[in-house]
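Just so you know, the sequences run in chain order A, B and C.
Here the working numbering is used: the first residue of the first sequence is 1, the next is one more, and so on.
Here the working numbering is used: the first residue of the second sequence is 336, the next is one more, and so on.
Here the working numbering is used: the first residue of the third sequence is 671, the next is one more, and so on.
Every residue gets a Cβ at the ideal spot worked out from N, C-alpha and C, and that includes glycine.
Being a predicted model, the structure only gives us computed values, none of them experimental.
Heads up, the thing below is written out as structure tokens.
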Amino acid sequence: MPHTAQAQPKKLQEIFISKNDPDDLRLGDIILRGKAIAENERDVDIAIIGIPQDVGIERNGGRIGAAQAPDAIRRALYKLTPNFGETALKKENFTIIDLGDMAVEGLALEDIHRRQQEIVSALLKQGVIPVVLGGGHDIAFPNGAALGTLDKDFGVINLDAHPDVRPLLHGKRGHSGSPFRQLLEGQTHLKSIVEFGIQPFAASPQHLQYVRDKGQTVTMLQDIRDTGFKKSFEAALKKVSAKKQNVFVSFDMDSVTSAYAPGVSAPSAIGFSGDEICSAAYLAGEKSYVKIIDIVEVNPNFDIDGRTAKLAALVAAHFIAGVYQRKNGKSKGLF
Amino acid sequence: MPHTAQAQPKKLQEIFISKNDPDDLRLGDIILRGKAIAENERDVDIAIIGIPQDVGIERNGGRIGAAQAPDAIRRALYKLTPNFGETALKKENFTIIDLGDMAVEGLALEDIHRRQQEIVSALLKQGVIPVVLGGGHDIAFPNGAALGTLDKDFGVINLDAHPDVRPLLHGKRGHSGSPFRQLLEGQTHLKSIVEFGIQPFAASPQHLQYVRDKGQTVTMLQDIRDTGFKKSFEAALKKVSAKKQNVFVSFDMDSVTSAYAPGVSAPSAIGFSGDEICSAAYLAGEKSYVKIIDIVEVNPNFDIDGRTAKLAALVAAHFIAGVYQRKNGKSKGLF
Amino acid sequence: MPHTAQAQPKKLQEIFISKNDPDDLRLGDIILRGKAIAENERDVDIAIIGIPQDVGIERNGGRIGAAQAPDAIRRALYKLTPNFGETALKKENFTIIDLGDMAVEGLALEDIHRRQQEIVSALLKQGVIPVVLGGGHDIAFPNGAALGTLDKDFGVINLDAHPDVRPLLHGKRGHSGSPFRQLLEGQTHLKSIVEFGIQPFAASPQHLQYVRDKGQTVTMLQDIRDTGFKKSFEAALKKVSAKKQNVFVSFDMDSVTSAYAPGVSAPSAIGFSGDEICSAAYLAGEKSYVKIIDIVEVNPNFDIDGRTAKLAALVAAHFIAGVYQRKNGKSKGLF
């Protein structure tokens, strides 16, 4: 495992206090961290890694705070019970590690992105599925770029109120509004994007035209309301994987309405429900072609009683549950 | 009527100031309390009673505050208009009393439960339908036990994110996470339970297995999403009443997502909507075999502008409306 | 244009700072205000006007704060992107003006209403569609009365938790709970009202009977849940326009549940979602017989991070988008 990410093993131990109750295990009992990662001899299925910065949000004129998101999400995630329907997720046949937060202190955003791409690429090359916790949406650029280093075509689904294809600042500085433009411009292996859940009055017509001019797909929130959430998301999965590509799914929590996700950089008065985004995460987890996800734009400064961090944790957990079933056979009773 | 519950008649009068407008009656004008109960000569249809304690929540490691819930719920309930669709609920053909809060000061939880069971049992034996306002979910144990004193088999629907079948502390002390284990272990008359709305990642697999090993039913939130809320709840009602049993429906407000119910002991980022839980309450009210409900786990300390207390009051009001129609014939225009 | 409404041109300029980015225009770049209105030579399609008072709410015993709503809504509205589906709303073929807030300082409510009716009537007579931002729901009375001055029959849809047909205070003073009684009593041209989304336990049976006795329609929230939102709202539009009447649609934000609209005078624990009320606004915008809307009862004092003001802004934007399509032909991809 790339060691650069294991910055705060001590802190991670403090986030979760085990009950030591074998009948009431939590994800915090199952997810390996710190020394346990070094001692682990099994293949790793999923690696969690945090990117605790909001530099890209600040560049985009947004309100900062997302740097605190990875720990807020972990705090909720570790407490969840690794159980779904009639299947219990067990340490014995499934290995999740938490590499902690990547060191970002004192680095320019471009250097953060470069380092992140290296780490994520190393994980992907070992067959590990990264679950990357932002930070701002700019982290989707190195995540996509890392997937491209597998030298295979890939597709992206961006669950988002906004298309995030804004031009770079001064033509060269990326930010939280530009990751998919950076991917579309820079990556030869990126073949398809579905912008999923784009809201009217939250996207410039020129930006949507840019996406369409690249031959890519915009699925407006209203299309999803008319078709139904699950059916729409399954269509998006089909589209981005049509030619056996690898797939990256990016969960921007502002695709969820502020009733369910108040603690985000840019809240949305309309959008997905909590149940909907969790069902998308589970469906993505089931598909063997989904190689990486990220969960971005949670802003604990504006959260209410941890509501948004908990929902982000549930997105991660539903994805993990899907991956577990992908690897261990479908169980009854979750979806 | 059992007098032990009429602890604070003065307080109850202060909660509601009547407008004295015959064209704008509120439930507070219709619900009898204090002296009016003693003077009442009609059969009582429904009795409200509060259990203002959160000892069982504290024992379960939860955050306290539910002791303040009964009055918060009453404050909202009394202001509601007793009207639904084309039918006005009238004092003349329907009698609701509010017995106030049971005295709990200085009592151990076990004594509170014993006293509660006695009072609720006395009400049930007089053919009165108790609407019990928690307090923590531990109060479901004496409620179920009281129903068992009618010497007839009974069933339970628990609307909840969690199954609440945790073991007792040190093998003997009940708490807010254990009521349905206590009922399953202790009651010979309990024949069926449906755990309704259980959330993935909120229930230990061992606890769900315990429920299934007892021959009982777990209906996961996702099953309900796939089937539809109303159809799922009607199936649960059918199941627990299949052999003409009496039925107890327990409304844990954390079955509702925190967008709609932020003020609860343990908030849920996914779950039912406000409209959904109200429709369940109405359906339960309509059925003559539903003999008792409770509404638990509201925590005013974490509420936002009274949102959760108001929803809990609407749950009570929808149930009352259902009972009214059960007794006075179905009216058009509510559901 | 009636000049009395242009009270604070300077303030309006301060509410929005343009990015001056032709690829990222906002409604604030497109909506004319201050001097730009005087210089405008094109026909005006839509005029926004604020009525910054909560006198009628205070008279009705409600909690004040709605006087601050027009600016809170504008702040959110101006930032929205004038884009929907595959159509960009452009200044060149669509003219929206913001007349600012009507001067209300020191005026009795009756005088505010009289002045408002004059201004709105003048707009309607010029073929301009007023979007009136409350303020309390009492402003629906002068809005309806103004529509009546066109000397043509008209209908009203009131999206509301409450029917708002309370009697006048002392038989003569209107308030935020009485506008539709005032219209039903006073206007010969008002032919039909649909009270849409009325909640059980939020409406007196006498008040609903009053509406029905006048031959008008009450559509309860539960009817809408059974039929589906869009289908119900289309039926309401059909009913109030059946005889080629003009139509006024009044959006009381308390028809939306407090999860989505916490910042209102009287919050509702059940009700419409944000997506639903926006779809109603769009459908109303499309219909050429809809001549005026208002958006009322937003109370910024109780809002959370601007959530309700933003939703109100989206209601206005969806209506504007509908009107644009009414005038410029249906585009693909919004609804």
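Reference residue i, options the options, closest by Cα
i       : options                               : result
A145(A) : G127(A), Q116(A) and I157(A)          : Q116(A)
G471(B) : D589(B), R661(B) and K565(B)          : D589(B)
K230(A) : Y210(A), A259(A), D275(A) and V156(A) : D275(A)
I990(C) : N753(C), G941(C), V835(C) and E967(C) : N753(C)
E967(C) : T978(C), A758(C), K908(C) and I863(C) : T978(C)
L27(A)  : I57(A), L89(A) and E118(A)            : L89(A)
A389(A) : V256(A), D294(A) and A103(A)          : Outside the modelled stretch of chain A, which goes from 1 to 335, sits residue 389(A), for which no answer is possible.
P345(A) : V256(A), I277(A) and G329(A)          : A query on residue 345(A) cannot be resolved here, the shown segment of chain A reaching from 1 to 335 and no further.
N663(B) : P635(B), G641(B) and E621(B)          : E621(B)
Y545(B) : I528(B), Q534(B), L618(B) and D446(B) : I528(B)
A140(A) : I57(A), K238(A), L25(A) and S232(A)   : I57(A)
F921(C) : G992(C), A739(C) and I947(C)          : I947(C)
V463(B) : G641(B), H542(B), K645(B) and K626(B) : K626(B)
L531(B) : F568(B), P502(B) and F515(B)          : Note on residue identity: the sequence assigns Phe, not Leu, to residue 531(B). Looking at the Cα atoms, F568(B) is the closest of the given residues.
R784(C) : Q876(C), T765(C), I743(C) and P812(C) : P812(C)
L221(A) : P163(A), V131(A) and V323(A)          : P163(A)
I384(B) : L494(B), A404(B), S593(B) and G657(B) : A404(B)
A746(C) : A269(A), Q199(A) and N301(A)          : A269(A)
Residue range of the alpha helix (DSSP H) that includes residue i
i       : result
N40(A)  : Taken as a continuous stretch (DSSP letters only), N40(A) belongs to no alpha helix (DSSP H), as it is neither H nor E.
K310(A) : R307 to N328
I700(C) : L697 to I700
T562(B) : L556 to T562
K795(C) : L779 to K795
L504(B) : L504(B) -> no alpha helix (DSSP H), and no H or E assigned at all.
K961(C) : Counting along the chain, K961(C) falls outside any alpha helix (DSSP H), though it belongs to the beta strand (DSSP E) covering V960 to V966.
P205(A) : P205 to D213
L482(B) : A475 to G483
P514(B) : P514 to G521
Distance between residue j and residue i (C-alpha atoms, nearest Å)
i       : j       : result
A281(A) : A316(A) : 7 angstroms
D713(C) : H175(A) : 41 angstroms
K884(C) : L854(C) : 8 angstroms
S236(A) : T217(A) : First, the residue type needs correcting, since residue 236(A) is Ala and not Ser in the sequence shown. Looking at the two C-alpha atoms, the distance is approximately 9 angstroms.
D896(C) : S874(C) : 22 angstroms
Q6(A)   : G100(A) : Because the pLDDT at Q6(A) is just 49, under 50, the model does not fix this residue reliably, and the value given afterwards should be weighed accordingly. Near 5 angstroms, if we compare the C-alpha coordinates of G100(A) and Q6(A).
G804(C) : V725(C) : 11 angstroms
I721(C) : D768(C) : 12 angstroms
D893(C) : A831(C) : 13 angstroms
S688(C) : I700(C) : 10 angstroms
E427(B) : S456(B) : 26 angstroms
M1(A)   : Q126(A) : Residue placement at M1(A) cannot be trusted, given a pLDDT of 44 that sits under 50; what the coordinates show is reported in the next sentence. Each residue's Cα considered, the two are about 9 angstroms apart.
T674(C) : D741(C) : Any reading at T674(C) must be qualified, since the residue scores a pLDDT of 47, below 50, and its modelled position is unreliable; no value is offered.
G333(A) : G65(A)  : Residue confidence for G333(A) is low, a pLDDT of 49 falling below 50, so the modelled location carries little weight; the figure read from the coordinates is stated next. So the alpha carbons of these two residues sit roughly 37 angstroms apart.
R63(A)  : A261(A) : 15 angstroms
P22(A)  : R508(B) : 20 angstroms
L750(C) : R212(A) : 21 angstroms
N636(B) : D305(A) : 11 angstroms
N246(A) : D153(A) : 7 angstroms
Boundaries of the beta strand (DSSP E) in which residue i is found, first to last residue
i       : result
A47(A)  : I46 to G50
S585(B) : N581 to D587
I352(B) : Run containing I352(B): none; DSSP gives neither H nor E here.
Beta-bridge partners of residue i, as assigned by DSSP
i       : result
F84(A)  : T87(A)
D101(A) : G50(A)
G155(A) : S192(A) and V247(A)
V888(C) : E865(C)
F607(B) : V591(B)
**OP:** Residues of the segment 820-832 of chain C with a CB closer than 8 angstroms to any CB of chain A: list them in chain order, please.
**Re:** Taking 8 angstroms as the Cβ-Cβ cut-off against chain A, none of the residues of the segment 820-832 of chain C qualify.
Original post:
For the segment 934-956 of chain C, which residues have a CB atom closer than 9 angstroms to at least one CB atom of chain B, in sequence order?
Top reply: Of all residues in the segment 934-956 of chain C, P937, S938, A939, I940, G941 and S943 have a Cβ within less than 9 angstroms of some Cβ in chain B.
Subject >> Chain-ordered residues of the segment 866-883 of chain C with a beta carbon less than 8 angstroms from chain B >> reply: Within the segment 866-883 of chain C, the qualifying residues are P870, F871, A872, A873, S874, P875, Q876, H877 and L878.
**OP:** Residues of the segment 220-236 of chain A with a CB closer than 8 angstroms to any CB of chain C: list them in chain order, please.
**Re:** M220, L221, Q222, D223, R225 and D226
Original post:
Residues in the segment 293-313 of chain A with C-beta within 9 angstroms of chain C's C-beta atoms, listed in sequence order?
Top reply: F302 and I304
**OP:** Using a Cβ-Cβ cut-off of less than 7 angstroms, give me the residues of the segment 903-933 of chain C that come near chain B, in sequence order.
**Re:** T927, S928, A929 and P932
Original post:
For the segment 727-760 of chain C, which residues have a beta carbon sitting closer than 7 angstroms to at least one beta carbon of chain A?
Top reply: L750, T751, N753, F754, G755 and A758
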